[in-house]
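Under the working numbering, the residue at position 152 of the sequence shown is numbered 501, and the numbers go up by one with no gaps.
Below is one structure; the comments refer to it alone.
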Amino acid sequence: MAFADVVLGALCLPLYLYVWVGPSYQLWDIAYEIQAPLLTFWDVSDTIFSQASLISAVFISCERFFAVYWPLRQRTLSMRAYRIVIAMVWSLAVLVYIQRNIASHQLSRASQNKRLTNTLLFVSAIAVLSWLPLVIANYLIFVHEADIPRNVLFYYIINVINFINSILNPVVYVLRIPVFRQWLSLRFLRRHTVINDGVEERDDRPRAATLTSIVELRKLTKDRGRKEEWSEQEILSTNFAFVFEAVLIVAGNLLTIAFFAMKKKLRKKSLLLVINMAFADVMLGAVSLPLYIYLWVGPHFNLWPFKASLEILFFICYTIFSQASLISAVFISCERFFAIFWALKHKTLSMRAHRFAVFMV
Numbered sequence: 350m351a352f353a354d355v356v357l358g359a360l361c362l363p364l365y366l367y368v369w370v371g372p373s374y375q376l377w378d379i380a381y382e383i384q385a386p387l388l389t390f391w392d393v394s395d396t397i398f399s400q401a402s403l404i405s406a407v408f409i410s411c412e413r414f415f416a417v418y419w420p421l422r423q424r425t426l427s428m429r430a431y432r433i434v435i436a437m438v439w440s441l442a443v444l445v446y447i448q449r450n451i452a453s454h455q456l457s458r459a460s461q462n463k464r465l466t467n468t469l470l471f472v473s474a475i476a477v478l479s480w481l482p483l484v485i486a487n488y489l490i491f492v493h494e495a496d497i498p499r500n501v502l503f504y505y506i507i508n509v510i511n512f513i514n515s516i517l518n519p520v521v522y523v524l525r526i527p528v529f530r531q532w533l534s535l536r537f538l539r540r541h542t543v544i545n546d547g548v549e550e551r552d553d554r555p556r557a558a559t560l561t562s563i564v565e566l567r568k569l570t571k572d573r574g575r576k577e578e579w580s581e582q583e584i585l586s587t588n589f590a591f592v593f594e595a596v597l598i599v600a601g602n603l604l605t606i607a608f609f610a611m612k613k614k615l616r617k618k619s620l621l622l623v624i625n626m627a628f629a630d631v632m633l634g635a636v637s638l639p640l641y642i643y644l645w646v647g648p649h650f651n652l653w654p655f656k657a658s659l660e661i662l663f664f665i666c667y668t669i670f671s672q673a674s675l676i677s678a679v680f681i682s683c684e685r686f687f688a689i690f691w692a693l694k695h696k697t698l699s700m701r702a703h704r705f706a707v708f709m710v
């Protein structure tokens with residue numbers, strides 16, 4: 350026990366002062382490359398020697414108890430028996446460290462799994478809220494023929510709100526996933542490169558909703574005429590909103606893919622669907638949304654003529670990529686549900702199973 354206490358005072362306590370106390374009071378700074386291994390070494394040595402000291406105290410009490418109640422037997426104990434007890438002390442100290450490490454990793458993994466699940470549910474809620482206005486408006490107009498504002502800008506505003514989900518997702522990941530936030534701050538502050546966090550975007554607009562909006566826009570155009578004058582503020586604000594959203598969608602999802610590509614520890618099979626959805630959203634922002642601006646927004650403001658030849662291309666691209674993003678979101682929710690209720694079976698799923706799920710999407 351005295352030896353364990355000597356090591357605690359000569360090694361563990363100075364390390365504690367160096368890696369914890371000094372930096373917390375800003376007395377000195379330690380580079381991460383040096384601090385990380387020192388923290389690991391301190392954790393191992395502190396746990397083993399402190400537990401060895403504590404277990405030695407317990408064994409001393411047991412030895413004294415044995416000497417008091419069975420003095421004759423205690424006198425017959427050889428030095429070998431005491432050496433075996435000392436070996437047991439250090440073996441138990443090492444086992445305590447291993448057990449604590451395993452329990453800590455399991456607790457940390459469970460906590461991360463729960464946090465990831467809550468994050469995905471929160472993102473799903475945002476997707477529903479951003480998608481509802483478009484669904485409700487089309488339902489009221491084409492099912493109940495409700496008398497709501499028949500204005501082109503009204504539908505553009507609804508579509509802008511629908512795409513806002515793809516902008517809010519990066520913010521959610523920055524706030525909810527510490528690793529993303531650390532990676533972003535490291536790249537942005539130290540290397541001055543604009544890098545977003547893990548983005549999980551979801552443009553959950555099915556084709557039917559988009560088709561009805563376009564049909565209504567055609568009716569409005571036909572009723573009001575192509576030569577209608579629009580204010581400069583309306584033209585600039587509408588086009589800026591869509592272009593700005595397209596840039597953010599592409600940038601955010603590309604940074605998401607780059608983040609997972611650069612972080613080897615995060616190349617997990619459970620996040621393969623997230624990367625797949627990010628790729629689908631990149632294509633939505635890079636192809637579908639610019640085509641929407643070119644085919645519908647520009648012509649309605651008389652900026653350029655309508656190109657009917659690109660209409661089929663828009664519907665093909667938008668339908669495929671939007672449905673891929675939506676189905677990926679559904680599969681992600683199912684995967685999280687499976688991970689919570691059948692945790693052991695979920696751990697046995699191979700990368701091949703997740704790749705097959707991406708192929709099904």
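Glycine included, C-beta positions come from ideal geometry on N, C-alpha and C.
These numbers were taken from a predicted model, which means no experiment stands behind them.
Quiz item: Whose C-beta lies closer than 7 angstroms to the C-beta of Val710 among residues of the same chain, with five residues either side of it excluded?
Solution: Asn625, Ala673, Ile676, Ser677 and Phe680
Quiz item: Whose CA, out of Leu652, Tyr367 and Ala406, lies closest to the CA of Leu387?
Solution: Tyr367
Practice problem: Would you mind giving the Cβ-Cβ distance between Leu622 and Leu640, rounded to the nearest angstrom? I have them listed as a contact below 8 angstroms. | Solution: At roughly 26 angstroms, the Cβ-Cβ gap does not stay under 8 angstroms, so Leu622 and Leu640 are not in contact.
Quiz item: Is Lys463 helix, strand or coil when you go by DSSP?
Solution: helix
Practice problem: Report yes or no: do the segment 585–599 and the segment 503–511 share at least 3 C-beta pairs separated by less than 8 angstroms? | Solution: yes
Practice problem: Evaluate Val492 with the Cβ neighbour count: other Cβ atoms within 10 Å of its Cβ, from every protein chain shown; 16 or more gives buried, anything less gives exposed. | Solution: exposed
Exercise. Kindly indicate which three-state DSSP category Pro482 falls into: helix, strand or coil?
Key: helix
Quiz item: Expressed to the nearest angstrom, what Euclidean distance is found between the alpha-carbon atoms of Leu362 and Ser457?
Solution: 26 angstroms
Quiz item: If you pair each beta-carbon of the segment 653–669 with each one of the segment 595–604, do three or more pairs fall below 8 angstroms?
Solution: no
Quiz item: Which one of Ser515, Leu360 and Thr389 has the shortest CA to CA distance from Ala474?
Solution: Ser515
Quiz prompt | Close beta carbons around Pro372, own chain, < 7 angstroms, minus the five adjacent residues each side | solution = Asp378 and Ile379
Quiz item: What are the boundary residues of the alpha helix (DSSP H) that includes Lys696?
Solution: Ala692 to Lys696
Exercise. Have a look at Leu489, Thr389 and Thr468 and flag the residue whose alpha-carbon is nearest the alpha-carbon of Val521.
Key: Thr468
Quiz item: Between the segment 381–395 and the segment 419–426, do three or more beta carbon pairs fall short of 8 angstroms?
Solution: no
Exercise. Alpha carbon to alpha carbon, how far is Asp354 from Trp419? Give it in angstroms, no decimals.
Key: 30 angstroms
Quiz item: What first and last residue would you give for the alpha helix (DSSP H) that runs through Ile624?
Solution: Leu621 to Met632
Quiz item: Just checking, does the segment 431–444 make contact with the segment 395–415 on the three C-beta pairs under 8 angstroms criterion?
Solution: yes
Exercise. Going by CA-CA distance only, name the one from Tyr374, Phe705, Ser410 and Ala635 that's closest to Glu594.
Key: Ala635
Self-check item: Coil, strand or helix - Asp378 by DSSP
Solution: coil
Exercise. Could you pull out every residue in the same chain whose Cβ sits closer than 8 angstroms to the Cβ of Val438, ignoring the five residues on either side in sequence?
Key: Ala401, Ile404, Ser405 and Phe408
Quiz item: Grouping DSSP H, G and I as helix and E and B as strand, with all else coil, what is Thr389?
Solution: helix
Exercise. Could you have a look at Met611 and say whether DSSP puts it in helix, strand or coil?
Key: helix
Quiz prompt | 7 angstroms Cβ shell around Leu633 - same chain, five flanking residues per side excluded | solution = Asp552, Ile598, Phe670, Ser671 and Ser674
Quiz item: Can you list, in chain order, the residues of its chain whose CB lies under 7 angstroms from that of Phe687, leaving out five sequence neighbours each side?
Solution: His695
Practice problem: Using alpha carbons as the reference points, say which of Ile510, Ile526 and Lys618 lies closest to Phe591. | Solution: Ile510
Quiz item: How big is the Cα-Cα spacing for Phe664 and Phe512?
Solution: 17 angstroms
Exercise. Taking only heavy atoms of the ligand FMN into account, decide whether any of them is closer than 8 angstroms to the Cβ of Ser410.
Key: The ligand FMN is not part of this structure, which contains no ligands at all.
Quiz item: Hey, Ser682 and Leu470: beta-carbon distance below 9 angstroms or not?
Solution: yes
Self-check item: Reference Val707; option with closest CA among Ala627, His649, Cys666 and Thr605
Solution: Ala627
Quiz item: What residue range is occupied by the uninterrupted alpha helix (DSSP H) comprising Val355?
Solution: Ala351 to Val356
Quiz prompt | Inter-residue Cα distance where the pair is Leu569 and Leu478 | solution = Any reading at Leu569 must be qualified, since the residue scores a pLDDT of 46, below 50, and its modelled position is unreliable; no value is offered.
Self-check item: Cβ neighbour criterion (16 or more within 10 Å) applied to Arg432
Solution: exposed
Quiz item: Which same chain residues, not among the five before or five after Gly647, have their C-beta less than 7 angstroms away from its C-beta?
Solution: Trp653
Practice problem: Tell me whether Leu652 sits in a helix, a strand or coil according to DSSP, three-state version. | Solution: coil
Quiz item: Buried or exposed: where does His649 fall if 16 or more other Cβ atoms within 10 Å of its Cβ makes it buried?
Solution: buried
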